[in-house]
Amino acid sequence: MPDRIALRNRISELEISKMFTEKILDSSNDVIAYFEPLYNDDVIEDFVIKYVNNRIVDIASLDTNEMIGKRWLEYDAQNLENGAFEKVKDCFSTGESFNYAVKYVFGDQLVWFSSRVVKLEVGVVMFLKDISKEKDYEKQLLIQNKLLLEAEHVASTGSFRWDLNNGTLNLSENVFRLLGYEPFEMNATLEGILKFVHKNDINWVKGVIEESRKTKERIDITFKIITKKQELKYVNTIGEYYPSEDNWYVVGVFKDVTQQIEHESLLQSKNAELKKSNADLEAFNRIASHDLQEPLRKIQMFISRLHDEEHGTLGPRSQNYLNKVISSTERMRNLISNLLSYSRIEEVKDKPSKIDLNEIFTNVLEDLSGRIDETDASIISDKLPEVNGVLFQMEQLFSNLIGNALKYIEANRTPVIKVKCSSVVVNSFNQIPKLKSGTYHRLDFIDNGIGFENEYGDKIFEIFQRLHGKTEYSGTGLGLAICKKIVEAHNGTISAKGKIDEGAVFTVYLPSLS
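In this text, residue positions in the sequence shown follow the UniProt record's numbering: the first is 1, and each later residue adds one.
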């Protein structure tokens, strides 16, 4: 009787111990499994699954009751494909423990494990740690590094890290490419990099590096290098000093700025040419304003005297010649005057001020009163706004546009000119070419003149462009070019539409004060 009680107690202790062991194993964050080999003619052909803790349920949603007692390869053939079977077999055969990473697919779920296998008595214990998140992070890091390398390549930039304690220099792949090498083809050292610096810059570069090592101040220099392929390049180097315990590091970038330097050099050359061109233009202005006009005034004076003194005594042919000379000198005077106006629009020293366009309109009508009375023209206008501008330029704009409407009219037609005004908001939904977002005044100068084909709507604003011969209508071909330059100088725009024999509409946009 006592023996039976002792046996019962021993069985109870074993059950409690087994239950306690399983509880401990199930509380582990790792999958723990135990396998025993299955032989065929003394060769291990599979393993029998003797135990798997419940952690596999959380990770892969597998049923441990279905697994235990099954052949391992029969239950999951992945163990043969991913190399796990060979690792477990080698562990049992040699008694050596193995660590390895292994991949499984459970349904649509990819799981990576860090695995350790250890021989235990007549079987093998396997410990599997889920490292899927680490693998995913590692994959993302590889992608980011690849993108960074690609970005460096596109931007002609490379990065470096210099350990001041032991002198090691770590370079990104593109630094090697900038020097004409394949990635990591050469041994990266400071002395090796300095060998590429142009002889004219080497002493200066070394001096900057030495000084920065003493002061730990930021490096930002641009110098010339000669690559492995004997190409001359300009490189900008920026480096920042960072302390780390008892050591210092320099982290920075190399950037190929050859094209930038060449563009800057070209720009400087163009600027020099532009200054020369401006100087030539100023010289032209001086000639046009004095040297050309002075002899022209004398010619006009003597022709006028000749006309007064010989009037009635010259024959028809001579009188016709004299009239042509008078007409040509007058055209030349107008041309010189308009050229000066065109060239000086952007050089005006008058500061823009608030201008009432109604006063401008009234003054222009008064200046053109002779032509208005001569043609019996009808000119009406909406109430016009105030704008910010240069007074005499606004007067010239109105004078040219209204003057053109009076000039380009059929001989038997009475001019009718209207000036319409409205407000326009320019934004992403209502875009107008050459205008920034904002509020603008729209001025439409509408006439019933000879008009023009719309295909010439842009051409008529070009300098010296005329749609009619000088014998048909007087003019220098500069009036509308001046209008365009004035409007654009006031941050606005001008356009035109026409129809033959029906008239034209010139539309001006000027920024609103509000």
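Ideal Cβ positions, reconstructed from N, Cα and C, are used throughout, including at glycine. These numbers come from a predicted model, not from an experiment.
How big is the Cα-Cα spacing for Phe106 and Lys214?
59 Å
Report buried or exposed for His263, applying the criterion of at least 16 other Cβ atoms within 10 angstroms of its Cβ.
exposed
Assign Asp136 to one of three DSSP states: helix, strand, or coil.
helix
Extract the residue ranges of the alpha helix (DSSP H) inside the region 367 to 426, only unbroken runs of 4 or more that lie entirely within it.
369 to 375, 391 to 407
Local conformation of Val122 per DSSP, three classes
coil
Ile446 vs Lys484 beta-carbon contact at 7 Å
no
In the DSSP assignment, find the unbroken alpha helix (DSSP H) run with Val205 in it and report its ends.
202 to 215
Specify, as a first and last residue, the run of the alpha helix (DSSP H) that Glu488 falls within.
479 to 489
Cβ of Tyr100 within 7 Å of Cβ of Lys87?
yes
Does Arg55 pass the burial test, meaning 16 or more other C-beta atoms within 10 Å, or should it be called exposed?
buried
Cβ neighbours of Thr507 in the same chain (closer than 6 Å, five flanking residues each side left out):
Asp444, Ser495
Going by DSSP, which residues form a beta bridge with Ser353?
Gly389
Over what stretch of residues does the alpha helix (DSSP H) that includes Phe445 continue unbroken?
Per DSSP, Phe445 belongs to no alpha helix (DSSP H); it is in the beta strand (DSSP E), 438 to 446.
Please name the residue in Val390, Ser114, Phe85, Ser61 whose C-alpha comes closest to that of Leu486.
In the sequence on display, residue 486 carries Ile and not Leu. Among Val390, Ser114, Phe85, Ser61, the Cα nearest to that of Ile486 is on Val390.
For Glu273, write down the residues that DSSP places opposite it in a beta bridge.
Looking at the DSSP assignment, Glu273 forms no beta bridge with any residue, so it has no partner.
Buried versus exposed call for Val364 [16 or more other C-beta atoms within 10 Å across all chains shown]:
buried
Residues that Ser114 bridges to, as DSSP identifies them:
Ala101, Lys129
In the structure shown, what three-state DSSP assignment does Asp163 receive?
strand
6 Å CB neighbourhood of Ser381 in its chain, flanking five on each side removed:
Phe361, Val419
Tell me the rounded alpha-carbon separation between Glu240 and Val102.
42 Å
Can Asn236 and Lys224 be called in contact, C-beta distance under 7 Å?
no
When burial is assigned at 16 or more other CB atoms within 10 Å of the CB, is Asp46 buried or exposed?
buried
Determine the direct distance from the alpha carbon of Lys50 to that of Glu121, and round the result to whole angstroms.
13 Å
Taking 7 Å as the cut-off, decide whether the C-beta atoms of Tyr234 and Val257 are in contact.
yes
Just tell me which of Lys228, Phe92, Trp204 has its CA closest to the CA of Tyr39.
Phe92
Between which two residues does the alpha helix (DSSP H) containing Glu81 stretch?
78 to 81
Out of Phe302, Gly180, Asp220, which one is the CA nearest neighbour of Trp204?
Asp220
Note down the Cα distance separating Asp373 from Asn323, rounded to an integer number of angstroms.
25 Å
From the DSSP output, read off the bridge partner residues of Asn157.
The displayed chain sequence assigns Thr, not Asn, to residue 157. Answer is Lys255.
Could you give the residue range of the beta strand (DSSP E) that holds Asp220?
219 to 226
Which residue or residues does DSSP assign as beta-bridge partners of Ser244?
Asn247
Return yes when the Cβ of Arg161 is within less than 7 Å of the Cβ of Val251, no when it is not.
yes
Express the C-alpha separation of Tyr408 and Lys470 in angstroms, rounding to a whole number.
Residue placement at Lys470 cannot be trusted, given a pLDDT of 47 that sits under 50; what the coordinates show is reported in the next sentence. About 12 Å.
For Asp308, does the three-state DSSP call read helix, strand or coil?
helix
Looking at the structure shown, is Tyr456 part of a helix, part of a strand, or coil, going by DSSP?
helix
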